[in-house]
Each structure stands twice: as C-alpha cells, then as structure tokens.
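A short worksheet on the structure shown next.
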C-alpha cells in the first residue's frame, strides 16, 4: 500500500479529509473507505461509530483500501473531529431549515481546491445511515453540499455520496495527467500527409477507371468530400496500408483479375 | 411510479440510453437501474443477460426503480442494441489497444447533451462484471470514456460506473435547469449505427467476394480494424451513401457499358 500512497501524492497532493458522524454498520464504513481511495482520498475520521473501532467488517468491506482503514482516527464529537480544519462541507440530500450556504459538489470542491492550495485543511462531512446529519452537526459546516439527483428518486447511500464527492475532487484536481496517459492514439504511428495523399490518389485513380465521377463537372466536389472523410478519421500509417489493400482487392475483382 | 416518470421528463427531457453487455448477476443489473434513476436515466437495454430476463433479483435490488426495470429491452447482440443510436460511448477502466478517441466523463456527457438537443440518440455502454467490454464491442463505440480514478486503486463496479456517468449527466443538464446552451451542431445528419453497420456489411461482403480476407483466420481482426476506421470517422448519413457508391463502383462488374 505504500506504493499506492506515493502515487496518490503525486496526483492530488493534499486532499480533503472525510468525516463520518455516528456511522452504524461497519460495512458502510468500509464501502466509504473504498470509494475514498478510488479517488485518492485517504484520511478518514469517525465520530462515535456505533460498533466501536477497529471494526473487522469495515476492513473486509474496504477490500484492499487498508491505507484508509489503518489511518482512521476516532473522535468523541464533531467539533473535535474538525478542529484542525478551515473549511467544512456537509453533504446532505435535503437542505434543512438552516441559514447556510448551499453549494453543488462542483462549486464545493472548487472552493476546497483553492483553500488546500493555500495550505488550509478541508473536510467533507457525512451523516450516519439512519439519521443523517443533525442540525447540531450542520452548525459546524461552512457550506451544505447537495448532490443534484432526480427529485422523484433521490436516495443515495453513504458510500455513493462519498464516491460522487471523491469523483468530483479527482475530476477537478487529478484528471489531467491520468487522461493524457490513457490516450491510445499516441502509441500508434500516425499517417503522414504523404501517406494520406498517396491513399487518396490511389482511390481516385481507381474510381476514375470505374467511371465513378459523374457528371464530370462534379468530380472536384466529390473528391473533396471523400478526402474530408479520410482526413477526419485520423488514420495511422498501417491503416492507410490496409485501406490501399482494400481498394486493390475491390478493383481487381471488378476487372476480373 | 407514474409520478416519478413525469417529473423526470420535466427535469432532463431526452437522456442517454444505458446498454449493459453480457451482464451476469441480476443484483448488479438492479443496482445499475437504481443508480440510473437517481440521476433521471430510465432507458436500459441488456445484451444477452446471463440469467435471462425478467430477473426477480434485479427487480429486488433496484428497490423501487421499477420504471427502469419494467422498460428493459433485451437484445441478441450489441449492433442490434445500438442500431437506432447516433453516438455510443463505451465506459471502460483501461483503454484497450484500439485506435479510438478517449474522453473523460465530462467531455463525453457534454457531447451527448449537444447531440441529444439536436435530436440524436446517444448510448452509454458498459461491459459485464467479469470480462468488461471486448474489443469487438468497443469497435461499435464512437468514444471510449475513462473515469479518472486513483491509478493505484482504480476498480469501480458496474453500478458505481453507472452512478458516476449519471451524476455527470445530471450535473451538466439537470441541476436547476442550468443546461448549457448547445454548441451549434454541424447541420449534416449523422449516420445512425444502422447506416454504419449496413455500410460495413456491404464492404465486407465485397471484400469476401474479392478474397481479401486471407488467411481466413485473420478475417475477424481485419474486419475489426476496418470497422474501427469508419466508426472513428464520425460519418454523416450522406457520407455513408457516398461510400457505398464508392464500394459499388470499385467492386461491381460493369454490365454492357
């Protein structure tokens, strides 16, 4: 897991802390830990977990996110759990009757990125399975985050909410590098313009032999349209060779070779 | 559930179809259906579900997402499942060795929003639990979507991937009516997948007649490579007609001219 840790630091640097208040099932704590690590979040704090800590069900459900489980810190109350934080966002489905700024996940994470860059600590706060966050908990949040869902079918479980906030975090802070590395087009040798022109000359020559360009005055626009298709396809060198093989095979058939 | 349905239409209007290829556990289909409905996606298509359909385990796990389960359509193969679609995005963790554009979820959903606004149909394609998407499946996709995750701990299950794509959809199109103004789409009518499959069947038929696929055991990979080129070109409807004319001109023996 040390390797995991190191790569994460390279990607995201400092990241928000996740705080779960009064979580009940160990399985849900484990699933949340797993969702965190999927998106490079590693610091988990629990306030009064019902079944105590450590919790083997949590570790089993985390299925490999040991770096998160091993680092869990347990607190007696929420103020203690967020004492070292500068900005706390409470994730809740329904905003309560409290005068508090409401943000969507994207805005919340943007603000956290800004603050973390400036050396501040940020926390994402989630309520327990049964009761969610109480008004007494929300009082400690700087902002309430509401994940936009279908109002006719809104319920998300704890791990799903953690997953979505983690995704938003990585989307905004970590996606660039991973994405560039993933692009497969860079590995194949692209066709040169010369390859492409050769392919088109071959095709046009065979089409002329087959009297395709008719009426003759339309030939320039017909050729331009064909070139546009193959230019747009972003062919590789080997694909231009394959297509020349296709043209050759089809034309030979016509000629009865 | 009728009420749910009506509210959803008010929120999101038309939305991407979700296609699951070769899903195994009914529970996972149900969890995916539930994740879809959380974000207002309702149209689910299954390609060769291992345990057949209907599946009571899927319904139980969907816990209330009956509007999705009741509307499931089952197909024998992926081409049939996406025949009426104009743009197909395949979600996969690791891009394979295939020449295909790679997008992140935000870019993919932005493109889908643009196309759906223009009256096109879009599909989000997910692989089964065990094997994911095969290269033969990926060939039918216009773009590969990779959800950015921690490279040291990347695994997301099916329902999580569906959840994240659904979130991205609602984030961009459904939150407070904040649908982005659609960028002007090319005026040309894009080819449907059915148009594209027809073109490829025509080409492959003529190439078979021309004994192009040699040695015979290489035919599947040769066909896949050709399909990848034309899938990537983003053809319009009229371009598929032009290319069929090209194939006909190259291959057809001229009769008595």
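Protein chains in written order, with the working numbering: chain A, 84 to 340; chain B, 84 to 340. All residues carry an ideal CB built from backbone N, CA and C; glycine is no exception.
Check: Would you report the Cα separation of residue 172 of chain A and residue 214 of chain A, rounded to the nearest angstrom?; Outcome: 18 Å
Check: Reducing DSSP to helix, strand and coil, say where residue 257 of chain B ends up.; Outcome: coil
Check: Taking 9 Å as the CB-CB limit, is residue 322 of chain A close to chain B?; Outcome: yes
Check: Going by the DSSP bridge assignment, what does residue 154 of chain A pair with across the sheet?; Outcome: None; residue 154 of chain A has no bridge partner.
Check: Label residue 218 of chain A either buried or exposed according to how many other C-beta atoms from any shown protein chain fall within 10 Å of its C-beta, with 16 as the threshold for buried.; Outcome: exposed
Check: In the structure shown, what three-state DSSP assignment does residue 328 of chain A receive?; Outcome: helix
Check: Comparing the C-beta of residue 169 of chain A with each C-beta of chain B, is any distance below 9 Å?; Outcome: no
Check: Is residue 123 of chain B closer than 9 Å to residue 141 of chain B when the C-beta atoms are compared?; Outcome: no
Check: I'd like to confirm the pairing. Which residues does DSSP put opposite residue 46 of chain A in its beta bridges?; Outcome: Absent from the model: residue 46 of chain A. The displayed extent of chain A is 84 to 340, so no value can be given.
Check: Look at the alpha carbon of residue 220 of chain A and the alpha carbon of residue 161 of chain A, and state the distance between them as a whole number of angstroms.; Outcome: 7 Å
Check: Please list the residues of the segment 299 to 323 of chain B that have a C-beta atom closer than 8 Å to any C-beta atom in chain A, keeping them in chain order.; Outcome: 305, 308, 309, 312, 313, 315, 316, 317, 318, 322
Check: When you compare only the Cα positions, how much space is there between residue 164 of chain B and residue 277 of chain A?; Outcome: 39 Å
Check: Where residue 271 of chain B and residue 317 of chain A are concerned, what is the direct C-alpha to C-alpha distance, given to the nearest angstrom?; Outcome: 20 Å
Check: CA-CA distance, residue 166 of chain A and residue 187 of chain A?; Outcome: 24 Å
Check: Express the C-alpha separation of residue 299 of chain B and residue 139 of chain A in angstroms, rounding to a whole number.; Outcome: 55 Å
Check: Could you spell out the range, first to last residue, of the beta strand (DSSP E) harbouring residue 103 of chain A?; Outcome: 100 to 104
Check: So which residues on chain A does residue 282 of chain B lean against when the C-beta distance must stay under 7 Å?; Outcome: The contacting residues do not exist; residue 282 of chain B stays about 11 Å from chain A at best.
Check: Is it true that the segment 225 to 234 of chain A meets the segment 95 to 106 of chain A, where meeting means three or more beta-carbon pairs spaced less than 8 Å apart?; Outcome: no
Check: Does residue 56 of chain A pass the burial test, meaning 16 or more other C-beta atoms within 10 Å, or should it be called exposed?; Outcome: Examination of residue 56 of chain A is not possible in this model, given that chain A is present from 84 through 340 alone.
Check: Can you give me, in chain order, the residues of the segment 220 to 235 of chain A that have a beta carbon less than 9 Å from any beta carbon in chain B?; Outcome: 230, 231, 232, 233, 234, 235
Check: Counting only Cβ pairs nearer than 7 Å, list the residues of chain A close to residue 216 of chain B.; Outcome: Near residue 216 of chain B there are no residues of chain A at all, since even the closest Cβ is about 14 Å away, more than 7 Å.
Check: Alpha carbon to alpha carbon, how far is residue 314 of chain B from residue 254 of chain A? Give it in angstroms, no decimals.; Outcome: 28 Å
Check: Give the residues of chain B in contact with residue 276 of chain A, contact being defined as C-beta atoms less than 9 Å apart.; Outcome: The premise fails here: residue 276 of chain A is roughly 17 Å from chain B at the closest Cβ pair, so nothing lies under 9 Å.
Check: Taking the straight line between their C-alpha atoms, what separation do you get for residue 310 of chain A and residue 249 of chain A?; Outcome: 44 Å
Check: Please work out which residues of its chain come closer than 6 Å, Cβ to Cβ, to residue 323 of chain A, disregarding the five sequence neighbours upstream and downstream, and give them in chain order.; Outcome: 274, 278, 282
Check: Does DSSP put residue 130 of chain B in a helix, in a strand, or in coil?; Outcome: strand
Check: Based on Cα-Cα distance, which residue from A:312, A:210, A:286 lies nearest to residue 319 of chain B?; Outcome: A:312
Check: Write down the C-beta distance between residue 252 of chain B and residue 192 of chain B rounded to the nearest angstrom, noting that I regard them as a contact closer than 8 Å.; Outcome: 5 Å
Check: Which residues, in chain order, does the segment 132 to 153 of chain A contribute to contact with chain B at a C-beta distance below 8 Å?; Outcome: 147, 148
Check: Helix, strand or coil for residue 273 of chain A? Go by DSSP, reduced to three states.; Outcome: strand
Check: Give me the residue from A:335, A:294, A:327 with the minimum Cα distance to residue 293 of chain B.; Outcome: A:335
Check: Can you tell me which of the three DSSP states residue 184 of chain B falls into?; Outcome: coil
Check: Could you check whether residue 241 of chain A and residue 115 of chain A sit closer than 9 Å to each other, using their CB atoms as the reference points?; Outcome: yes
Check: Given a cut-off of 9 Å on the beta-carbon distance, is the pair residue 243 of chain A and residue 118 of chain A in contact?; Outcome: yes
Check: What are the residues of the segment 115 to 130 of chain B that lie near chain A, defined by any Cβ-Cβ distance shorter than 7 Å?; Outcome: 120, 121, 122, 123
Check: Measuring alpha carbon to alpha carbon, tell me which residue in B:146, B:170, B:201, B:246 is nearest residue 227 of chain B.; Outcome: B:170
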